[in-house]
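Colleague:
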Amino acid sequence: MIMTEKQVGGVIVLFGGTGDLAKSEIIPALYQLFQEGNFSEQFALIGVSRTEMSDQEYRDFVREAMENVVDKDTIDDSFFQHFFYQAADNTELNDFKNLSETIQKASNECEADPSYIYYYSIPPSVYDDTTKNLKESGILDYEGSHRVAVEKPFGESLESAEEYYDLLQKAFDPQEIYLVDHFLGFESLQNILVTRQANPFLEAIWNSDYIEQVQISLPEDFSIGSRGAFYDENGALLDMFQNHILQILAVVAMDLPEEMDDKELNEKKLELFKSIPSFKLEDVKEKVVRGQYDTYREEDDVPEESHTETYIAIELEIDSDRWSDVPFYVRTGKSLAENHLTVDILLKTSSKMSVDEQPRLTFSIEPQLGISMVVHQKHPTENEEVLAAAIGPDKETWKTIHFPEAYENIISDILTDSERHIGTFEQVKEQWRITDSIRKAWEDMPKPDFPNYKTGEIGPEKAEDLLKRNNHSWIYRI
Ligand SMILES: NC(=O)C1=CN([C@@H]2O[C@H](COP(=O)(O)OP(=O)(O)OC[C@H]3O[C@@H](n4cnc5c(N)ncnc54)[C@H](OP(=O)(O)O)[C@@H]3O)[C@@H](O)[C@H]2O)C=CC1
Ligand SMILES: O=C1O[C@H](COP(=O)(O)O)[C@@H](O)[C@H](O)[C@H]1O
Numbered sequence: 001m002i003m004t005e006k007q008v009g010g011v012i013v014l015f016g017g018t019g020d021l022a023k024s025e026i027i028p029a030l031y032q033l034f035q036e037g038n039f040s041e042q043f044a045l046i047g048v049s050r051t052e053m054s055d056q057e058y059r060d061f062v063r064e065a066m067e068n069v070v071d072k073d074t075i076d077d078s079f080f081q082h083f084f085y086q087a088a089d090n091t092e093l094n095d096f097k098n099l100s101e102t103i104q105k106a107s108n109e110c111e112a113d114p115s116y117i118y119y120y121s122i123p124p125s126v127y128d129d130t131t132k133n134l135k136e137s138g139i140l141d142y143e144g145s146h147r148v149a150v151e152k153p154f155g156e157s158l159e160s161a162e163e164y165y166d167l168l169q170k171a172f173d174p175q176e177i178y179l180v181d182h183f184l185g186f187e188s189l190q191n192i193l194v195t196r197q198a199n200p201f202l203e204a205i206w207n208s209d210y211i212e213q214v215q216i217s218l219p220e221d222f223s224i225g226s227r228g229a230f231y232d233e234n235g236a237l238l239d240m241f242q243n244h245i246l247q248i249l250a251v252v253a254m255d256l257p258e259e260m261d262d263k264e265l266n267e268k269k270l271e272l273f274k275s276i277p278s279f280k281l282e283d284v285k286e287k288v289v290r291g292q293y294d295t296y297r298e299e300d301d302v303p304e305e306s307h308t309e310t311y312i313a314i315e316l317e318i319d320s321d322r323w324s325d326v327p328f329y330v331r332t333g334k335s336l337a338e339n340h341l342t343v344d345i346l347l348k349t350s351s352k353m354s355v356d357e358q359p360r361l362t363f364s365i366e367p368q369l370g371i372s373m374v375v376h377q378k379h380p381t382e383n384e385e386v387l388a389a390a391i392g393p394d395k396e397t398w399k400t401i402h403f404p405e406a407y408e409n410i411i412s413d414i415l416t417d418s419e420r421h422i423g424t425f426e427q428v429k430e431q432w433r434i435t436d437s438i439r440k441a442w443e444d445m446p447k448p449d450f451p452n453y454k455t456g457e458i459g460p461e462k463a464e465d466l467l468k469r470n471n472h473s474w475i476y477r478i
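So in the working numbering the end of the sequence shown lands on 478, straight run, no missing numbers.
Printed below as a string of structure tokens:
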């Protein structure tokens, strides 16, 4: 159990309750928290989307979502009694009057506590109307506490993120606003911080004296599926780099505070973001590679001439003494040969002999978990040779532990007023500054020659060249 000694109740309004994210992540996480006994009987969830459905149909939908992730014979039916549904177009104030009635009905039936969470699992384009209508319909005037959770990407640029946030602040206090980046909920990402803090020898080498380069890799072996409309507007830069990748990079590169409390960690992370320079046009030409997989333009809701990138590889620099001249390489893409989330810290070697693999420390975040290391050792039979040998991870320890899913940690934070796995708006603004600088340069460059990589392969050739310039190469796990 990850939440608290105390069970929580209240009302969750899940906007986008029929969408991909609700089905694949949010509902299963809620079920897990329910199963662990974190919810009291006094809780209700209202799914909202434009699709017409009865409460019973929504309960069936939720059951189906659960059947995808747990054995259907083991599902606890009492979970579904807490679910209700309201069809509403979030852009229509009138529909919020119906929503208000459904909230009252669900609250009465479940005797729900007067604590309200509004989860925006909806396209960013409807965030503003949702906030306005929640306020104007009087829902936010109900007695009790009100919190809002907003999915990434938060905004479409620094400017629009500021506008969204201003509007949110007209309806909610800053401490009631949760900007969700679910990667921060990965236990194995948080583990990087704890490992650094708990092993002083690591902090001692966590700098350019010992570290030659860092690689953060998030290749995905699946396509954009049914998310064409959303994806084509965003691309890999906004979908993965602006949020997840920059947050991972911050966890790896930030200075550690003296006290590992949430506030100080967030401040150190903000300092790190501020030390990443914005990209200039020349930097982008040299250090940013984009790609598109061969069949992307045939996907549903994707224009035939789309120039949206489904792949990016970027070399970032961090302007600090700790990281001077250490390149941070990041890459992500759809329809690739690999599927994992891995952070490789490549270490300098003093070995005179040439060894194929460089010494490194690896944090495997998904789907494998754990830490492993490659060190240079004496060759057992050839006295004059050195070989690279792997150490760990300790699979036996991991086997005995249940790792909460990312969304369990995130939702648990929202329910319990914690900010452990939540970033801040100041960080989001810095993330946009960096991202916008790349986008601005792209606007001034000729359109890329897309598509430029084959489904099921490692990505565009130019991504290889990006590292070759520095005599480095990507670590692939195929
Ligand atoms: N899917 C994923 O893996 C992840 C998604 N996210 C973020 O989560 C959010 C949702 O993504 P995802 O679930 O994939 O998107 P989907 O397109 O699958 O779902 C969107 C949901 O919003 C509803 N919706 C859309 N427009 C309106 C409207 N005007 N009024 C009311 N409801 C509306 C849709 O239902 P209907 O059409 O019936 O109205 C649907 O339930 C996005 O911000 C995305 O960036 C974040 C992390 C991962
Ligand atoms: O936010 C997103 O994340 C997923 C990857 O997250 P995971 O938890 O499924 O590994 C990514 O596929 C998606 O495009 C993006 O919107």
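Yeah, the Cβ is synthetic: ideal placement off N, Cα and C, and Gly gets one too.
On a Cα-Cα basis, can you pick out the residue from K348, A441, K462 that is closest to P451?
Modeller: Among K348, A441, K462, the Cα nearest to that of P451 belongs to K462.
Colleague: Under 6 Å from any heavy atom of ligand 2, does the C-beta of D319 make it?
Modeller: No - ligand 2 has no heavy atom lying nearer than 6 Å to the Cβ of D319.
Colleague: Return yes when the Cβ of V330 is within less than 7 Å of the Cβ of I216, no when it is not.
Modeller: Taking 7 Å as the Cβ cut-off, I216 and V330 qualify as a contacting pair.
Colleague: If you draw a straight line from the C-alpha of I388 to the C-alpha of S351, how long is it?
Modeller: According to the sequence displayed, residue 388 carries Ala and not Ile. Those two C-alpha atoms are separated by around 11 Å.
Colleague: Going along the chain, which residues put their C-beta within less than 5 Å of some heavy atom in ligand 3?
Modeller: Ligand 3 is not among the ligands present in this structure, which contains only ligand 1 and ligand 2.
Colleague: Heavy atom of ligand 2 less than 6 Å from the Cβ of D239, yes or no?
Modeller: Yes, the Cβ of D239 comes within 6 Å of a heavy atom of ligand 2.
Colleague: Among the candidates H421, E298, I345, I177, whose CA atom is the shortest distance from the CA of M260?
Modeller: It is H421.
Colleague: Determine the DSSP secondary structure at F186, reduced to helix, strand or coil.
Modeller: It is coil, neither helix nor strand.
Colleague: Assign V374 to one of three DSSP states: helix, strand, or coil.
Modeller: Strand at V374.
Colleague: Can you tell which of Y116, Q86, V48, P28 has the C-alpha that lies nearest to the C-alpha of I75?
Modeller: It is P28.
Colleague: Tell me the DSSP bridge mates of H146?
Modeller: Paired residues: Y116.
Colleague: Exposed or buried, what is S354 when buried is set at 16 or more other beta-carbons lying within 10 Å of its beta-carbon?
Modeller: Classification for S354: exposed.
Colleague: How long is the line joining the alpha carbons of E52 and I46, rounded to whole angstroms?
Modeller: Using only the alpha carbons, I get a separation of about 14 Å.
Colleague: Taking the alpha carbon of G16 as the point to measure from, which residue in F363, A149, S78 has its own alpha carbon closest?
Modeller: Nearest option by C-alpha distance: A149.
Colleague: Entirely within the stretch 216–280 and at least 4 residues each: give me those alpha helix (DSSP H) ranges in chain order.
Modeller: Correct list: 228–236, 246–253, 262–274.
Colleague: At the level of alpha carbons, what is the spacing between F479 and S412?
Modeller: Residue coverage of the chain in this structure runs from 1 to 478, which leaves residue 479 outside it and unanswerable.
Colleague: I need the DSSP call for L14, collapsed to helix, strand or coil.
Modeller: Three-state DSSP puts L14 in a strand.
Colleague: DSSP puts G47 in a beta bridge; with which residues?
Modeller: DSSP lists L14, Y85 as partners of G47.
Colleague: By Cβ distance, which residues of its chain are closer than 7 Å to L281, with the 5 residues on each side in sequence left out?
Modeller: So the list reads A441, D444, once near-sequence residues are dropped.
Colleague: On the premise that Y116 lies in contact with G10, defined as a C-beta separation below 8 Å, what is that separation, rounded to the nearest angstrom?
Modeller: Correct: roughly 7 Å between the Cβ atoms.
Colleague: Going by beta carbon distance, what residues of the same chain come within less than 6 Å of A229, once the five residues before and after it are set aside?
Modeller: Counting only Cβ-Cβ distances below 6 Å, and skipping sequence neighbours, we find D301.
Colleague: Taking 7 Å as the cut-off, decide whether the C-beta atoms of S473 and L466 are in contact.
Modeller: Contact flag unset, no.
Colleague: Can you tell me which of the three DSSP states Y329 falls into?
Modeller: Correct three-state label for Y329: strand.
Colleague: Which one or two residues does DSSP pair with S364 in a beta bridge?
Modeller: T342, G370.
Colleague: Thinking C-beta only, is T18 closer than 7 Å to S40?
Modeller: Against a cut-off of 7 Å, the Cβ pair of T18 and S40 comes out as no contact.
Colleague: On the three-state DSSP scale, how would you describe Q213?
Modeller: Correct three-state label for Q213: strand.
Colleague: Within this structure, are the beta carbons of P510 and L249 separated by less than 7 Å?
Modeller: The requested residue 510 is not part of the displayed model; the chain covers only 1 to 478.
Colleague: Considering only the beta carbon of each residue, do D128 and L167 sit closer than 7 Å?
Modeller: Closer than 7 Å, so yes.
Colleague: Going along the chain, which residues of its own chain have a beta-carbon closer than 8 Å to the beta-carbon of A88, five neighbours each way excluded?
Modeller: Cβ neighbours of A88 beyond the five flanking positions: V48, S49, R50, D95, F96, N98, L99.
Colleague: Using 10 angstroms around the beta-carbon of G456, count the other beta-carbons present and answer buried if the total reaches 16, otherwise exposed.
Modeller: The residue is exposed, with fewer than 16 neighbouring Cβ atoms inside 10 Å.
Colleague: Using CA coordinates, which residue listed in R196, P327, E338 is at the minimum distance from E212?
Modeller: If we check each option's Cα against that of E212, P327 comes out closest.
Colleague: What is the DSSP secondary structure of R290, reduced to helix, strand or coil?
Modeller: Strand.
Colleague: Okay, do the stretch 421–437 and the stretch 175–182 touch, 3+ Cβ pairs below 8 Å being the bar?
Modeller: Contact holds: three or more Cβ-Cβ distances are below 8 Å.
Colleague: Kindly list the residues whose CB is nearer than 6 Å to the CB of S324, restricted to its own chain and excluding five residues on each side of it in sequence; keep chain order.
Modeller: Closer than 6 Å at the Cβ level, and outside the excluded window around S324, lie S208.
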